[in-house]
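With mature numbering (1 follows the signal peptide of the UniProt record, and there is no 0) applied, the sequence shown corresponds to residues -19 to -1, 1 to 374, in that order.
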Amino acid sequence: MFSWFIISAVLAFVAQVSARPALPNDQESFIISRLDPYPAKPKLSFRPDGTFKISVFSDLHYGENPAGTWGRVQDFNSTRLLTNMLASEKPDYVVINGDLITGESAFSDNSTKLYDQIMAPLILSNVPFSCTYGNHDNQVNISHIEELQHEVQVAPQSYTRASPSGVGGKGGPANYWVPIYFRPSDPVPSLILWFFDSRGGYDERDVPIPDWVDDSVAGWIEEETHMMNKVWGKGEERGSLVFMHIPPHAVQKLQANLTDEANPGLNDDDLGEGSVQSTVPPLSACRDECDRVFWDSLTSNIKNVHAIVSGHDHGNEWCAVEPSKGVVFCFDKHSGYGGYDADHWNHGVRNFLFTSANASDGVESWIQYETGESKARVRLRGSDIYVEGKTRQ
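Have a look at this one:
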């Protein structure tokens, strides 16, 4: 009788335990934590009216002539632009897409002070933001990792973060993604912002650094997207926007087929020299294949890419479809008063406005000048660019 009572109690306990939800194993816990990269920061989401606006600043080039008057005037004007456009555009998120400073003009004792000038308007606006870094941000007295580490120390609303160990190659530590949710309560994001480090410039010994995204990033993309798909569902259900300072090699072939009607915006910079400057000789060793491993991984693993967005070439503002992969590429707007320039180029930002959490609805994008003029307005949907009712496939 006693034995039967014990056996019954044990069976009841086992049944009770079996009925409980299974606790995640160590691997599942690890994946879940990887998919929550900002546990101590606010969860980013669309506005209650269902919109989400991103303003992209690019090529600020602070510190070009720190000892001269004209250099200080340039930086003053760039700070004015940052302050005024943050106020007028009222973005939900800001991206600074590389070449924050002109590092070759910086000294070890002033490089972070220049960085603080850029951060000040962002901190005061309290807008969340992320950065990529450019070839001018890797120089003898400054590096991408130094800028990144300083940024996260002084700017609490920065979402920039370093790549895992072994990802990014020499001079390329900033490869990461940021999830954007439609509602704060949603368990799965509707939009992923991807940031890649295209490197370039020179190291502390004045040795050139390759100016394309390192091959090691390709495997990391595959791992990250695999985890996302496993936990969040198919990648086709989410939208993506990609940022990298130096354009990928594949876009070099686009310029020959641009038209003002289908690809509005400035087109004043010839690609080739500007896009991937080949600071590491001999370029002929890889030519168009330098970033092929990364490019293939990006375009095969990241789904619903609304656009791949780059700066670097200050005189270009256009968007175009890269036909071999069917993805849209867009140039930023040269924002800063530093760096090479032309009077008729003006200064401003590229805006992206999402009005739906449905990835298939696409995104509206345009160039907004500091003077108040907007131009080159397009809607990006899949592999199509719509301009005032017309489309370029």
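Virtual Cβ for every residue (Gly too), placed ideally from N, Cα, C.
Distance between residue j and residue i (C-alpha atoms, nearest Å)
i           : j      : result
His125      : Pro229 : 19 Å
Val344      : Lys24  : 21 Å
Cys112      : Ser36  : 12 Å
His226      : Ile190 : 15 Å
Val148      : Ala237 : 34 Å
Arg53       : Ile12  : 47 Å
Trp158      : Pro18  : 9 Å
Glu185      : Asn339 : 46 Å
Val76       : Thr141 : 10 Å
Ser337      : Cys311 : 21 Å
Ser256      : His42  : Residue confidence for Ser256 is low, a pLDDT of 42 falling below 50, so the modelled location carries little weight and cannot support an answer.
Gly307      : Glu128 : 34 Å
Ile121      : Tyr96  : The question names Ile, yet the displayed sequence has Val at residue 121. Rounded to the nearest angstrom, the two C-alpha atoms are 16 Å apart.
Asp178      : Asn285 : 21 Å
Gln138      : Ser106 : 10 Å
Ala21       : Val274 : 34 Å
residue 397 : His287 : There is no way to answer for residue 397, as the model of the chain reaches only from -19 to 374.
Ser69       : Ser39  : 17 Å
Val198      : Pro109 : 25 Å
Arg28       : Gly49  : 44 Å
Asn156      : Trp175 : 8 Å
Gly353      : Asp277 : 39 Å
Arg358      : Gly153 : 32 Å
Leu252      : Thr93  : 31 Å
Phe57       : Asp118 : 19 Å
Asp324      : Trp193 : 30 Å
DSSP-derived helix/strand/coil call for residue i
i           : result
Ile190      : coil
Phe312      : strand
residue 382 : Nothing about residue 382 can be reported from this structure: the residues present for the chain run from -19 to 374 only.
Phe88       : coil
Arg142      : coil
Thr83       : coil
Ala243      : coil
Asn332      : strand
Lys22       : coil
Ser341      : helix
Val76       : strand
Endpoints, the alpha helix (DSSP H) within which residue i is located
i     : result
Phe27 : Looking at the DSSP string, Phe27 is not in any alpha helix (DSSP H), and its letter there is neither H nor E.
Run of the beta strand (DSSP E) containing residue i, from where it starts to where it stops
i      : result
Asn58  : Unbroken run through Asn58 is the alpha helix (DSSP H), 50 to 70; no beta strand (DSSP E).
Tyr350 : 344 to 350
Ile366 : 365 to 368
Ser355 : 355 to 362
Whole-angstrom C-beta distance between residue j and residue i, which should lie under 8 Å
i      : j      : result
Gln349 : Asn332 : 5 Å
Val368 : Met66  : Val368 to Met66, Cβ: 24 Å. No contact.
Gly319 : Gln55  : 5 Å
Gly115 : Gly181 : 7 Å
Ala87  : Gly44  : 5 Å
Ile283 : Ile202 : 7 Å
Asp241 : Asn297 : Asp241 to Asn297, Cβ: 13 Å. No contact.
Val290 : Ser364 : Incorrect: roughly 16 Å between the Cβ atoms, too far for contact.
Arg219 : Pro170 : 6 Å
Lys356 : Gly246 : 7 Å
Lys34  : Leu334 : 5 Å
Ala136 : Ile173 : With a Cβ gap of about 22 Å, Ala136 and Ile173 do not count as contacting.
| task | Could you name each continuous beta strand (DSSP E) segment of 3 residues or more that falls completely within the region 276 to 326, going from the start of the chain to the end? | result | 286 to 291, 300 to 303, 308 to 312
Legend entry - In chain order, each beta strand (DSSP E) run of at least 3 residues that lies wholly inside the region 158 to 239: 172 to 177, 220 to 225
- Taking the runs of the beta strand (DSSP E) that are 3 residues or longer, which of them lie wholly in the region 94 to 124? The region 94 to 124 contains these whole beta strand (DSSP E) runs: 110 to 113.
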